[in-house]
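In the numbering used here, the protein residues as written are 105 to 360.
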């Protein structure tokens, strides 16, 4: 994991990675997450996908990420969207933010990259009494013969060390992380919302993944991308591609 650097793929990440769908924000609001006026900290914010979405719902959002290149992309995307998020460079395990400063702490697509026990304890520290820690995912789903399965096989040919293949989009281990940090009232929701990609956008999305630009040298990324383009032309010529994705959200509350 230490060899993965999403800062190297910030441009593709900002342009091509699908953000969380509107249905996610609606379901989150029904659970008390992202309500107007809430103070919200988004850990591992990357290009600000979650922070920006919650700011659009009326939250006072702060986004934290170790990669300044990602935060620069986030600021550009915020300007295009006409919203304001406060971004800070830092890590989830040691945010440097005050005690009991937030109503909600979120982490989207990134909890597995953290030292999870430390990050959960830090979230507890910066949350107010009754505050919520919410861990969110929007994952592609490999099914027999679909474009995701074929793409994952190609990534593994180029990067056998990649461990991201074969996921179900459900992350049951998050329950233990929250419980061990003292969070209670744990609950989760999961539902499927497909993402639509052109061939160009799917290639960009895959370049922005941990198994490609974030961990391979540039010449290897170029070779991989050419092979993915050929695979799409040969096996999945339709445009756009309708790619299965699963939303998964687990949350816990701070009492005590």
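Ideal placement from N, C-alpha and C gives every residue a C-beta, glycine not left out.
- One thing to note: residue 279 has its Cβ no nearer than 7 Å to the Cβ of residue 351.
- In this structure, residue 189 sits near residue 167, with a CB-CB distance shorter than 7 Å.
- Residue pairing by DSSP leaves residue 270 without any beta bridge partner.
- Counting other Cβ atoms within 10 Å of its Cβ, residue 149 reaches 16 or more and is therefore classed as buried.
- In the structure shown, residue 177 falls within a helical segment according to DSSP collapsed to helix, strand and coil.
- The alpha carbon of residue 244 has as its nearest neighbour, out of 227, 271, 152 and 238, the alpha carbon of 271.
- Nearest C-alpha to residue 207 among 236, 255 and 184: 236.
- Linking residue 328 to residue 240 through their CA atoms gives a straight-line distance of about 29 Å.
- Along the stretch 221-309, the alpha helix (DSSP H) occurs as fully enclosed runs of 4 or more residues at 251-262 and 277-284, listed in sequence order.
- Taking residue 323 as the centre and dropping the five residues before and after it, the same chain places no C-beta closer than 6 Å to its C-beta.
- As DSSP reads the structure, residue 206 sits in a beta bridge with 231.
- When DSSP states are grouped into helix, strand and coil, residue 157 belongs to the helix group.
- Per DSSP, the continuous alpha helix (DSSP H) segment holding residue 336 begins and ends at 322-339.
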